[in-house]
Structures are given as C-alpha cells and as structure tokens.
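Asks: Heads up: the sequence shown at position 78 corresponds to 483 in the numbering used here, and the numbers run straight through without jumps.
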Amino acid sequence: MNNIIEIRDVSKTFHLSEGIFSASKDKIKAIDNISLNIEKGKAIGIVGESGSGKSTLANIIADIIKPDSGEVLYKGKVVNRKTPDYKFYRKNVQVVFQDPYSSLNPRLKIFTMLKDGYKAHCTDNNYRERFIDIFKKVGLKEEFLYRYSHEFSGGQRQRISIARALILDPEIIIADEPVSALDVSVQSQILNIFKELKVREEKTIILISHDLAVVNFLCDYTIVLYKGVDVEYGKTDDIINNPIHPYTKTLISASKNLISSELIENINAVCPFASRCEHFDGKLCNKELEKKYIGDNHYHRCNKF
Ligand SMILES: Nc1ncnc2c1ncn2[C@@H]1O[C@H](COP(=O)(O)OP(=O)(O)OP(=O)(O)O)[C@@H](O)[C@H]1O
Ligand SMILES: [Mg+2]
C-alpha cells in the first residue's frame, strides 16, 4: 500500500480557560486516539457534526496543531519541524479553508497574494505563466489576477483559494468545508475541481464536511468522527450503503433530512454517541470501544453491532 500519510494514535485535548466554563467542563478531548492511513492519489472524507474534531484532525495533519500524543508520518517519516525536509512537507500540504470571504487578504491584488505565497518557497521568478495556467485549471480568467478579492463572488473566491493552494504544486490538499459557505448551485462546480485534481493529477485530497453527500461525490474512503472518536471508517460506498454504527446511520439520514433522535441527558458511557443512540445499552456502551472489522477495509466501534 502506498501511504502518503500515516496518522498513528493521535490525541488532542483542549483546555479551556477557567472562569468562562465550569470546572467539570474545562477539558475537551477533540481527537481521541485516532490512527489513519491515507493513500497517495486517493480522496478521504472526514465527516461528523460541528465539534466532532474534523478541523482539529486536519490541522494536526497540516501541522498547524501539535497533538498531545501520537505522530503523523509523511512517506514513512515522522513529520518533525526540526528536520531539513520539513519545509518540503509544508510546501506539499496545502489547506483550503471554509470561508472564502475571510481567507483572502482584501488589501492585496490576487496576483500579489499568489506571488507572496510562491516566494515563501521558491526563489525563481517564473511564476506569471504558472499563475495563468492554474487560473485556467480552476476556471478563472487571467485578468482576474489583477483584481482585489472583494470584486468576486463566493464561488470565484473559493476558486481563488484553490488556485492559491495549487501554486506550490502540493501533493496533498486539505479542504476544510470548502463548499459549505457556497450556494448549492456552485458547490458541485467547486467539488468538480477537486475531482479533476485527484483524477488527472493524482493529488491526494483530504476533504472535511459535515455532509455525507459532499463526501460521497469525491472520496474513496470516509472516516466518521463523533466527539473525537473514529466511530466508523471504510470505503465511502460501504459507509453509505452499509453503515453499521448508529451515528453513521444518523448522519446519512441527516444528509436527506434533519437528525430526529432525541438527546437523552446524563448518560455517561464509554461510547461518545450513547446519549443519542436509539440502540443504547447500558452494559455494551460502557465497554472499551474496539475496532470491529467487517471487511478488510471497513471498521466501526459500536459494541452492539
Ligand atoms: N483552539 C481551541 N481551543 C479550545 N477548544 C477548541 C479549540 N479548537 C477546537 N476546540 C474544541 O474541540 C472540539 C473539536 O473542534 P473542531 O474545530 O475540530 O470541530 P469540527 O468538527 O471541525 O467542527 P465544525 O464543523 O464546527 O468546524 C470542539 O468541541 C471545539 O470547541
Ligand atoms: Mg471545523
């Protein structure tokens, strides 16, 4: 297997400042001991509702957040800020953020913004042709290079964000909710750009979304997070057509209509989804959550199924 990224036993807890939150809630386990392999040229979806840990996991991969424990390997080597090839890693992993309104500097012309990004890693001056090529690739006109970001629509801004991620020719693109701020009509155009990058250029894509329909369009594999726990993982087809974990099932129905299950208060179980699960079982949900394999490449962590 050709893994470009391996995540090994990664955990991250956030400590909230005292005073605002009560003492019992001063820690949030955002990522709970997750391991994940990402193959080169594949797209993987990270799904889960708000607060489930998707961005934290993505930021750990991009080395924007340091995990408390565990490690991230790139092509078999631990990513380490102190090694000489670290700069190479930063160049090869680029992030596209959710909000194309706040992620582009309004004071700079697009060309200047792209040039700054390019110059941070390259010393040559052969960037103009490259910017024009990339603009074509993402469906933008050359003349747009010389305008400011406020002159563009949300969809165009997101194309610019993707162009910015592409100027250093990264191997891995992490897209954190890249379409959730956009109109439905524009969403599929943007997702198609990612699909082209994967199919034609063998880019590895890590796509974060709360919506399984978005992930289904692009991703070969899907990891489902709930309160930082990887409750299910598998080929996207299997996750959609044969979901086992009750939370995955809830997400699937949520992408068609809204979550119906009621919140049951005060259940304290090992399983993070217990308080919302219609299959709650006091004994089983309190046992250690093991990975249960139901195929070579499909596991879940529900003790009942
Ligand atoms: N810098 C931080 N300080 C404190 N808590 C944080 C911080 N970043 C994230 N968290 C908490 O960690 C948990 C996971 O957050 P994360 O942003 O990874 O979720 P998410 O799945 O990306 O959510 P969303 O869909 O809303 O973007 C949440 O409970 C969040 O409040
Ligand atoms: Mg997020």
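Just so you know, even glycine gets a beta-carbon here, dropped at the ideal spot from N, CA and C.
Fair warning: this is a prediction, and the values are worked out from it, not measured in the lab.
(1) Can you grab the Cα-Cα spacing for the pair ARG495 / ASN673, in whole Å?
(2) Out of curiosity, what's the CA-to-CA distance linking LEU513 and LYS632?
(3) Please state the DSSP three-state secondary structure of TYR553.
(4) Helix, strand or coil: how does DSSP classify THR528 here?
(5) Check for me: the beta strand (DSSP E) holding GLU683 runs from which residue to which?
(6) Verify the contact flag: ILE433, CB atom, against every heavy atom of ligand 1, threshold strictly below 6 Å.
(7) Run through the segment 565-630 for me and flag every whole beta strand (DSSP E) of 3 or more residues, listed as ranges in chain order.
(8) Please state whether DSSP places THR488 in a helix, a strand or coil.
(9) Should the segment 519-534 be regarded as contacting the segment 603-617, the criterion being three or more beta carbon pairs within less than 8 Å?
(10) Short of 8 Å in beta carbon distance, which residues of its chain neighbour ARG486, apart from the five on each side in sequence? Order them along the chain.
(11) Could you check whether LEU550 and ILE579 sit closer than 7 Å to each other, using their CB atoms as the reference points?
(12) Quick one: what's got a C-beta closer than 8 Å to GLN503's C-beta in the same chain, skipping five residues either side?
(13) Helix, strand or coil for GLU476 per DSSP?
(14) How many angstroms separate the CA atom of TYR704 from the CA atom of LYS432?
(15) Candidates ILE436, LYS654, LYS640 and GLU576: which alpha carbon is nearest VAL604's?
(16) Using the three-state DSSP reduction, which class does LYS692 fall into: helix, strand or coil?
(17) Where does ARG706 fall in DSSP's three states?
(18) Among LEU573, ASN438 and VAL620, whose alpha-carbon lies nearest the alpha-carbon of PHE593?
(19) On the three-state DSSP scale, how would you describe GLY560?
(20) When DSSP builds the beta bridges, which residues end up paired with GLU548?
(21) Should LYS471 and ASP625 be called a contact, given that it needs their Cβ atoms to be closer than 7 Å?
(22) DSSP puts ARG413 in a beta bridge; with which residues?
Replies: Judging by the given coordinates:
(1) Residue 495 sits at position 90 when you count from the first residue of the sequence shown. Residue 673 sits at position 268 when you count from the first residue of the sequence shown. Computed Cα separation, rounded: 40 Å.
(2) To locate residue 513, count along the sequence shown from 1; it is residue 108. To locate residue 632, count along the sequence shown from 1; it is residue 227. Their backbone Cα atoms lie some 39 Å apart in a straight line.
(3) Sequence index remark: in the sequence shown, residue 553 carries index 148 (1-based). Three-state result, TYR553: strand.
(4) Along the sequence shown, one-based indexing puts residue 528 at 123. In this structure, THR528 counts as coil in the three-state DSSP scheme.
(5) Numbered from its first residue, the sequence shown carries residue 683 at position 278. Where GLU683 is concerned, there is no enclosing beta strand (DSSP E), because DSSP gives it neither an H nor an E.
(6) Taking the first residue of the sequence shown as position 1, residue 433 is located at position 28. For ligand 1, at least one heavy atom lies less than 6 Å from the Cβ of ILE433.
(7) For the segment 565-630, whole beta strand (DSSP E) runs of length 3 or above, ordered along the chain, are 577-581 and 609-614.
(8) Along the sequence shown, one-based indexing puts residue 488 at 83. Looking at THR488 - three-state DSSP - the assignment turns out to be coil, as it is neither helix nor strand.
(9) No contact exists between the segment 519-534 and the segment 603-617.
(10) Position 81 of the sequence shown, counted from the start, is the residue given in the question as residue 486. Excluding sequence neighbours, ARG486 sits near ASP468.
(11) Along the sequence shown, one-based indexing puts residue 579 at 174. Along the sequence shown, one-based indexing puts residue 550 at 145. ILE579 places its beta carbon 7 Å or farther from that of LEU550.
(12) Residue numbering aside, residue 503 sits at position 98 when the sequence shown is read from its first letter. Sequence-distant partners of GLN503 (beyond 5 residues in either direction) whose C-beta falls short of 8 Å from its own C-beta, in its chain, are ASP581, GLU582, PRO583, SER585 and ALA586.
(13) Here the question's residue 476 lines up with position 71 in the sequence shown. When DSSP states are grouped into helix, strand and coil, GLU476 belongs to the strand group.
(14) Within the sequence shown, residue 704 is the residue found at index 299, counting from 1. Within the sequence shown, residue 432 is the residue found at index 27, counting from 1. Cα to Cα, the separation comes out at about 28 Å.
(15) Counted from its first residue, the sequence shown places residue 604 at position 199. With distances taken between Cα atoms, VAL604 lies closest to GLU576.
(16) Mapped onto the sequence shown, residue 692 falls at position 287. In this structure, LYS692 counts as coil in the three-state DSSP scheme.
(17) The residue labelled residue 706 in the question sits at position 301 within the sequence shown. In the three-state DSSP reduction, ARG706 falls in the coil class, being neither helix nor strand.
(18) Sequence index remark: in the sequence shown, residue 593 carries index 188 (1-based). This sequence places Ser at residue 593; Phe is not what is there. Of LEU573, ASN438 and VAL620, the residue nearest in Cα terms is VAL620.
(19) The residue labelled residue 560 in the question sits at position 155 within the sequence shown. DSSP places GLY560 in helix when its eight states are reduced to three.
(20) Counted from its first residue, the sequence shown places residue 548 at position 143. Looking at the DSSP output, GLU548 shares a beta bridge with no other residue.
(21) Here residue 471 refers to the residue found at position 66 of the sequence shown. Here residue 625 refers to the residue found at position 220 of the sequence shown. Inclusion of LYS471 and ASP625 in the CB contact set at 7 Å is not warranted, their separation being larger than that value.
(22) Taking the first residue of the sequence shown as 1, we reach residue 413 at position 8. GLU476.
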